[in-house]
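Per full-length UniProt numbering, the very first residue in the sequence shown carries number 1; after that it's consecutive.
Glycine included, C-beta positions come from ideal geometry on N, C-alpha and C.
What you are looking at is a predicted structure, and each value in this text was computed from that prediction instead of being measured.
Quick notes on the structure that follows.
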Amino acid sequence: MSGPGIAQDSGFSSLQMQGVEQITIEVDLDGAVDRLSKGVQFPTISNQDRDDFDTKAFDDYHAFLVEAYPNVHKVLKREILGDPRPYSLLYTWEGTDPDLPPALFYAHQDVVPVPEESRDQWNQEPFSGAVADGYIWGRGVLDDKNQIHGMLEAAEMRIAEGWQPKRTIYFVFGQDEEVGGPEGAKYVADVLEERGIERFAFVLDESAPLIPGVFPGIPDNTALIGIAQKGYLSLELAMHGIGGHSSQPPEESNIGILAKAITKLEAAQFPYRIHEAVRHQYRYMGPELDEAKQPMYAAVAFGKDGEMTDLEKEFIAEMAGNQVTRAMLHTTIAVSMFNAGIKDNVLPPSATAVVNFRPMPGDTPEVIIEHVRKAIDDDRITIRDISASTPATNVANPDSDAYRALEKTIRQLWGKDLIVAPFFVIGGSDSKHFQARDFAPDVFTITGIQLESMKEFAGFHGVNERILVDEYGKTIGFFYQLMDNLNDL
Ligand SMILES: [Zn+2]
1 MSGPGIAQDS GFSSLQMQGV EQITIEVDLD GAVDRLSKGV QFPTISNQDR DDFDTKAFDD
61 YHAFLVEAYP NVHKVLKREI LGDPRPYSLL YTWEGTDPDL PPALFYAHQD VVPVPEESRD
121 QWNQEPFSGA VADGYIWGRG VLDDKNQIHG MLEAAEMRIA EGWQPKRTIY FVFGQDEEVG
181 GPEGAKYVAD VLEERGIERF AFVLDESAPL IPGVFPGIPD NTALIGIAQK GYLSLELAMH
241 GIGGHSSQPP EESNIGILAK AITKLEAAQF PYRIHEAVRH QYRYMGPELD EAKQPMYAAV
301 AFGKDGEMTD LEKEFIAEMA GNQVTRAMLH TTIAVSMFNA GIKDNVLPPS ATAVVNFRPM
361 PGDTPEVIIE HVRKAIDDDR ITIRDISAST PATNVANPDS DAYRALEKTI RQLWGKDLIV
421 APFFVIGGSD SKHFQARDFA PDVFTITGIQ LESMKEFAGF HGVNERILVD EYGKTIGFFY
481 QLMDNLNDL
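Laid out in structure tokens, this is it:
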């Protein structure tokens with residue numbers, strides 16, 4: 001197919017899966033809720049200061065999982081990995097057919113801290129794991145412990161029934177996703193690569209939950225499946241000069257010089273382009289949206305890299321008007337830290353800033369550093385890569401049995417009254433350490449839980465993080481059913 005004209009002639013037809021029967025999976029909800037509630041009570045926090053790391057919280061959480069999920073710990077092999085600190089869990093569930101490429105289910109154990117000043121805004125103590133008003137509350141209950149526990153509950157049920165997967169299934173529960181995963185996910189990916197796994201048939205990790213309005217401008221209930229993730233790079237910009245007394249300031253201060261450089265950098269945005277994952281996204285989403293805009297979405301879906309039609313330009317103009325959708329169009333520049341000075345009458349001898357970039361494919365650290373150098377055009381400023389940078393990932397294929405197995409499972413649990421579409425993840429999670437490598441291009445990311453509204457999504461890293469008890473039952477059913485559906489790949 002080529003060009004929007006042809007797309008329109010072909011009707012820009014819906015790709016939403018039809019004819020899937022919704023099913024109900026019986027789970028021991030009271031027991032499962034109790035186990036998740038207890039899991040939330042372990043403060044497995046990832047602090048920005050990596051020396052501030054509560055090893056006991058992780059050790060105790062691991063011991064609790066052993067006790068709470070006896071079948072899993074009888075049948076699956078468990079390894080505790082990580083470098084230099086081993087707190088990530090790798091479980092191997094041998095399949096009946098060792099020749100089939102394996103599947104991997106990913107989730108992370110760590111949670112973001114609860115800032116002291118936000119504690120009084122919580123309706124329940126953040127690490128109490130309270131079950132109240134139909135919800136399970138607590139830091140990490142949504143991000144991402146409901147996924148760990150959902151997977152383990154499902155495996156526990158399957159094992160009790162005497163079921164064994166055809167393909168080997170790995171569970172990987174990382175320890176430091178919230179700080180980029182350098183000790184956990186990256187190391188586990190290294191280990192699995194060294195073991196000679198050629199290619200995973202399917203990798204699942206967290207991303208957006210099912211929510212009405214999760215994608216800007218689309219009020220419908222939507223299940224977005226991440227198929228590609230942006231990269232990550234943080235640069236420190238520093239101005240080292242001479243300090244002095246504020247009574248006799250030089251014409252330019254270190255702070256002033258650095259501030260000018262930052263202003264120039266923010267004015268030099270990376271150009272917009274349409275990523276392959278965005279084309280896939282609009283191929284699936286477009287036909288479900290406003291009919292008047294379908295020619296534009298078709299132009300995006302069937303457009304070609306290196307060419308830019310008027311309709312694609314229109315799309316870019318529209319998407320650039322919203323900061324969420326704008327981020328999917330280019331490498332973003334976010335000035336996140338600025339440090340200088342200790343006293344009102346002392347000129348600081350240096351000033352530093354940190355700029356975080358989320359790169360598009362091809363924007364390597366070298367390309368970005370060159371861009372920054374040119375933009376600020378000031379040799380006095382030094383530039384240093386301070387991140388464990390990761391490149392933008394491969395793109396998983398939505399026109400694949402793996403994607404279809406996932407969509408089918410979503411519809412089996414949550415029905416037909418929702419849009420299911422692939423999308424380009426503007427953030428990223430631990431599975432980027434897998435998806436950036438050749439052995440795991442087919443990473444699909446979605447958090448398998450239904451939220452009521454975008455208001456609840458604010459609990460993600462915010463206050464009053466909670467999930468509905470009844471929806472947690474469906475999460476368990478989702479993993480239970482997905483394990484079986486993966487047998488058909
Ligand atoms: Zn998360």
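Less than 9 Å between the beta carbons of E183 and D144, yes or no?
Here residue 183 corresponds to residue number 183 of the sequence shown, with the count starting at 1. Here residue 144 corresponds to residue number 144 of the sequence shown, with the count starting at 1. Not in contact: E183 and D144 (Cβ atoms no closer than 9 Å).
How close, in whole Å, do the beta carbons of H461 and G181 come, if the pair is a contact with beta carbons under 8 Å?
The count along the sequence shown starts at 1 and reaches residue 461 at position 461. The count along the sequence shown starts at 1 and reaches residue 181 at position 181. Their Cβ separation, rounded to whole angstroms, is 16 Å, which puts H461 and G181 out of contact at 8 Å.
Mind checking whether N322 and P216 have CB atoms under 9 Å apart?
Taking the first residue of the sequence shown as position 1, residue 322 is located at position 322. Taking the first residue of the sequence shown as position 1, residue 216 is located at position 216. In this structure, P216 lies closer than 9 Å to N322 by Cβ.
From V20 to L237, what distance separates their C-alpha atoms?
Here residue 20 corresponds to residue number 20 of the sequence shown, with the count starting at 1. Here residue 237 corresponds to residue number 237 of the sequence shown, with the count starting at 1. Each residue's alpha carbon lies about 54 Å from the other.
Inter-residue Cα distance where the pair is V469 and G448:
As a position in the sequence shown, residue 469 is number 469, starting the count at 1. As a position in the sequence shown, residue 448 is number 448, starting the count at 1. Each residue's Cα considered, the two are about 14 Å apart.
As assigned by DSSP and simplified to three states, the class of Y69
Numbered from its first residue, the sequence shown carries residue 69 at position 69. Reduced to three states, the DSSP call for Y69 is coil.
Grab the span of the beta strand (DSSP E) containing N339 for me, first residue to last.
For this step, residue 339 is matched to residue 339 along the sequence shown. T332 to A340 is the extent of the beta strand (DSSP E) around N339.
Reference A268, options I218, P115 and H371, closest by Cα
What you label residue 268 is simply residue 268 of the sequence shown in a count that begins at 1. When only C-alpha atoms are compared, the closest one is H371.
Going by alpha carbons, who is nearest to H245 out of R50, P441, I386 and P349?
Here residue 245 refers to the residue found at position 245 when the sequence shown is read from its first residue. Closest option to H245, Cα to Cα, is P349.
Does DSSP put H240 in a helix, a strand or coil?
What you label residue 240 is simply residue 240 of the sequence shown in a count that begins at 1. Of the three classes helix, strand and coil, the one that applies to H240 here is strand, per DSSP.
Nearest to R279 by alpha carbon, out of M296, D133, N47 and E117?
Here residue 279 refers to the residue found at position 279 when the sequence shown is read from its first residue. Of the listed residues, the one whose Cα sits closest to R279 is M296.
Per-residue burial, T222 [other beta carbons within 10 Å of its own, 16 or more giving buried]:
The sequence position of residue 222 within the sequence shown is 222, counting from 1. T222 should be labelled buried.
What three-state label does DSSP hand H280 in the structure shown?
Numbered from its first residue, the sequence shown carries residue 280 at position 280. Of the three classes helix, strand and coil, the one that applies to H280 here is helix, per DSSP.
Between L329 and R273, is the Cβ-Cβ spacing less than 9 Å?
Residue numbering aside, residue 329 sits at position 329 when the sequence shown is read from its first letter. Residue numbering aside, residue 273 sits at position 273 when the sequence shown is read from its first letter. Yes.
DSSP three-state assignment for G459, whether helix, strand or coil:
The residue you call residue 459 lines up with position 459 of the sequence shown. Note: G459 maps to coil in three-state DSSP.
Looking at A402 and A189, is the spacing between their C-beta atoms short of 9 Å?
Residue numbering aside, residue 189 sits at position 189 when the sequence shown is read from its first letter. Residue numbering aside, residue 402 sits at position 402 when the sequence shown is read from its first letter. No, they are not a contact pair.
What does a CB cutoff of less than 7 Å around I316 pick up in its chain, not counting 5 residues either side in sequence?
Here residue 316 corresponds to residue number 316 of the sequence shown, with the count starting at 1. Answer for I316: Y272 and L329, listed in chain order.
Does L233 pass the burial test, meaning 16 or more other C-beta atoms within 10 Å, or should it be called exposed?
What you label residue 233 is simply residue 233 of the sequence shown in a count that begins at 1. Burial call: buried.
Give every residue of the same chain whose Cβ lies closer than 6 Å to the Cβ of F42, excluding the five residues on either side of it in the sequence, and list them in chain order.
Position 42 of the sequence shown, counted from the start, is the residue given in the question as residue 42. Contacts found: A57, D60 and Y61.
At which residue ranges does the segment 144 to 216 contain complete alpha helix (DSSP H) runs of 4 or more residues, listed in the order of the chain?
146 to 160 and 185 to 194
Determine which residues share a DSSP beta bridge with L413 and list them.
As a working mapping, residue 413 is identified with position 413 in the sequence shown. DSSP lists no partner for L413.
Member of M285, K313 and D378 whose CA lies at the smallest distance from the CA of K260:
In the sequence shown, the residue the question calls residue 260 occupies position 260. For K260, the nearest C-alpha among the options comes from D378.
Is it the case that the Cβ atoms of A431 and T409 are separated by a distance below 9 Å?
Indexing the sequence shown from 1 puts residue 431 at position 431. Indexing the sequence shown from 1 puts residue 409 at position 409. This sequence places Ser at residue 431; Ala is not what is there. The answer is no: Cβ separation not under 9 Å.
For A405 and M360, I'd like the C-alpha separation in whole angstroms.
For the purposes of this step, residue 405 is taken as residue 405 along the sequence shown, with counting starting at 1. For the purposes of this step, residue 360 is taken as residue 360 along the sequence shown, with counting starting at 1. Going from the Cα of A405 to the Cα of M360 covers about 28 Å.
heavy atom of ligand 1 below 8 Å from K62 C-beta
Here residue 62 corresponds to residue number 62 of the sequence shown, with the count starting at 1. This sequence places His at residue 62; Lys is not what is there. Not so, every heavy atom of ligand 1 lies at least 8 Å from the Cβ.
Which runs of the alpha helix (DSSP H) spanning at least 4 residues fall entirely within the segment 348 to 401, listed in chain order?
365 to 376
Any beta strand (DSSP E) of 3 or more consecutive residues that is wholly inside the segment 34 to 85:
77 to 81
Would you say E178 touches ligand 1, meaning its beta carbon is less than 8 Å from a heavy atom?
Mapped onto the sequence shown, residue 178 falls at position 178. Yes, ligand 1 has a heavy atom inside 8 Å of this Cβ.
Do the CB positions of I242 and F338 come within less than 9 Å of each other?
Counting from one through the sequence shown, the residue named residue 242 turns up at place 242. Counting from one through the sequence shown, the residue named residue 338 turns up at place 338. No; because the gap between Cβ atoms is not below 9 Å, this pair is not in contact.
Between Y187, S13 and N123, which has its C-alpha nearest P84's C-alpha?
Position 84 of the sequence shown, counting from 1, holds the residue named residue 84. If we check each option's Cα against that of P84, Y187 comes out closest.
In the structure shown, what three-state DSSP assignment does G140 receive?
Taking the sequence shown and counting its residues from 1, the one referred to as residue 140 is at position 140. DSSP places G140 in coil when its eight states are reduced to three.
Starting from L258, trace the alpha helix (DSSP H) in both directions and tell me its first and last residue.
For the purposes of this step, residue 258 is taken as residue 258 along the sequence shown, with counting starting at 1. Where L258 is concerned, the enclosing alpha helix (DSSP H) stretches over N254 to A267.
Nearest to residue 493 by CA position, among Q481, A228, A458 and N487, is which residue?
The structure shown does not extend to residue 493, since the chain is modelled only from 1 to 489, so the question has no answer here.
First through last residue of the alpha helix (DSSP H) which encompasses L482
Translated into positions along the sequence shown, residue 482 becomes position 482. L482 -> alpha helix (DSSP H) spans V469 to N485.
Helix, strand or coil for H275 per DSSP?
As a first step, residue 275 is located in the sequence shown; it is residue number 275 there, counting from the start. In the structure shown, H275 sits in coil (DSSP, three-state: anything other than H, G, I, E or B).
In terms of alpha-carbon separation, which member of A132, D133, G82 and V75 lies closest to T55?
For the purposes of this step, residue 55 is taken as residue 55 along the sequence shown, with counting starting at 1. Out of A132, D133, G82 and V75, G82 has the C-alpha closest to the C-alpha of T55.
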